[in-house]
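K.L.:
Residue numbers (the numbering used here), protein chains in the order written: chain A, 19 to 196; chain B, 13 to 160.
1. Nearest to residue 58 of chain B by alpha carbon, out of B/18, B/49, B/13 and B/124?
2. Going straight from the alpha carbon of residue 55 of chain A to that of residue 102 of chain A, what length do you get?
3. Strictly under 8 Å for the Cβ-Cβ distance: is residue 156 of chain B near chain A by that measure?
4. Using a Cβ-Cβ cut-off of 8 Å (strictly less than) and excluding sequence neighbours within five positions of residue 53 of chain B, which residues of its own chain qualify?
5. Of all the options B/150, B/125, B/23 and B/116, which has the alpha carbon lying nearest to the alpha carbon of residue 99 of chain B?
6. Please confirm if residue 69 of chain B has its CB atom under 8 Å from at least one CB of chain A.
7. By the DSSP assignment, the beta strand (DSSP E) with residue 45 of chain B in it spans what residues?
8. Counting only C-beta atoms, is residue 24 of chain B closer than 8 Å to chain A at any point?
9. Output needed for residue 31 of chain B: all residues of its chain with C-beta closer than 6 Å, excluding positions within five of it in sequence on either side, in chain order.
10. Could one say the Cβ of residue 37 of chain B lies closer than 8 Å to chain A's Cβ atoms, at least one of them?
11. Can you confirm whether residue 40 of chain A, when its beta carbon is compared against all beta carbons of chain B, has any partner nearer than 8 Å?
12. Write down the C-beta distance between residue 116 of chain A and residue 185 of chain A rounded to the nearest angstrom, noting that I regard them as a contact closer than 8 Å.
13. Restricting to runs no shorter than 4 residues, where is the alpha helix (DSSP H) found entirely within the segment 67 to 134 of chain B?
14. So if DSSP puts residue 181 of chain A in a beta bridge, which residue, or which two residues, is it bridged to?
15. Determine the direct distance from the alpha carbon of residue 68 of chain A to that of residue 129 of chain A, and round the result to whole angstroms.
See below:
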């Protein structure tokens, strides 16, 4: 094969343009230009989706939930990015305060799947049980807020539950993109 | 495992982006093109190795990319169609002295690019060019008229 390639003329095997053996395939190239136009349109749509927050960190990714008993409002990102920190914020209402304290339950999914890194302010107590952790915060006045820093490790949908003592539970989902 | 997966995704993502960018030769690579090479390479590295910057992880990523490159080279040698998809095909820019406007537009070539190639081929007048071919590696081959 190598010997044949070395001795045969280039023009024997390669498509010619006029008298020059080029190997041009203009039909393929025309289809490729069409593909290029499609892929650049796709890239533009990806950037637009990113700007809007479809892949997290944007307007579409932000979510707000309030429990029916009006004890807490939860600000979080319904779309997160793997291995990227984000903040989940709890805005407590006056109804959440009982005996100068707020008791906040967060499900285990929030701790493990969504990778809760730290909670601020530091809770007075943390008690495990009921597939989650119950944090207790001393409170003087409202509005009061608490923040949990998340850093999910694995892509995919993750469900979690939070509840303030005396209120209704909030069940929500976060989709983590790679 | 994640590193290898990221390396595979990064390799094909870079491959498709570089492929759909206009073809330019290494010899014609300008500072403008170098910005792309270094910036895109740097960004892909970040997601490939992630927080694990150990020698083991980086070695695995490099080996994964090397194997992918070898596999695509093998596929190109076996299938001309895959070769055309990955590298493109040569294109005629000037045929019998006539400029092929469709190719010029499609490849976003400027007459200056052909003039530079003509100078390299010791052709000083554009009308002396019989054929100009944009090769798969981005080099422009110039065939002067026999009477030039």
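The beta carbon of each residue, even a glycine, is placed where N, CA and C say it ideally should be.
P.N.:
Per the coordinate set shown:
1. If you number the second chain from 1, residue 58 of chain B lands on position 46. Here the closest residue by C-alpha is B/18.
2. By 1-based counting over the first chain, the position of residue 55 of chain A is 37. By 1-based counting over the first chain, the position of residue 102 of chain A is 84. Taking the straight line joining both Cα atoms gives about 32 Å.
3. Counting from one through the second chain, the residue named residue 156 of chain B turns up at place 144. No, its Cβ sits nowhere closer than 8 Å to a Cβ of chain A.
4. Locating residue 53 of chain B in the second chain gives position 41, counting from the first residue. These residues qualify, in order along the chain: 26.
5. By one-based count along the second chain, residue 99 of chain B stands at place 87. Comparing Cα-Cα distances from residue 99 of chain B to each of B/150, B/125, B/23 and B/116, the minimum goes to B/150.
6. Position 57 of the second chain, counted from the first residue, corresponds to residue 69 of chain B. Taking Cβ atoms only, chain A never reaches closer than 8 Å to residue 69 of chain B, which makes this a no.
7. Position 33 of the second chain, counted from the start, is the residue given in the question as residue 45 of chain B. Residue 45 of chain B -> not in any beta strand (DSSP E); alpha helix (DSSP H) instead, spanning 43 to 61.
8. Walking along the second chain from the start, residue 24 of chain B turns up at place 12. No, residue 24 of chain B does not count as interfacial toward chain A.
9. For this step, residue 31 of chain B is matched to residue 19 along the second chain. Taken in chain order, the list of residues that qualify is empty.
10. Sequence index remark: in the second chain, residue 37 of chain B carries index 25 (1-based). Because the pLDDT at residue 37 of chain B is just 45, under 50, the model does not fix this residue reliably, and the value given afterwards should be weighed accordingly. False, the Cβ-Cβ gap to chain A never drops below 8 Å.
11. Residue 40 of chain A sits at position 22 when you count from the first residue of the first chain. It does: the Cβ of residue 40 of chain A has a partner Cβ on chain B nearer than 8 Å.
12. Numbered from its first residue, the first chain carries residue 116 of chain A at position 98. Numbered from its first residue, the first chain carries residue 185 of chain A at position 167. About 10 Å separates the two Cβ atoms, so there is no contact after all.
13. 67 to 90, 92 to 99, 113 to 118 and 123 to 132
14. By one-based count along the first chain, residue 181 of chain A stands at place 163. Paired residues: A/123.
15. Counting from 1 along the first chain, the entry for residue 129 of chain A is found at position 111. Counting from 1 along the first chain, the entry for residue 68 of chain A is found at position 50. When rounded, the distance between both Cα atoms is 27 Å.
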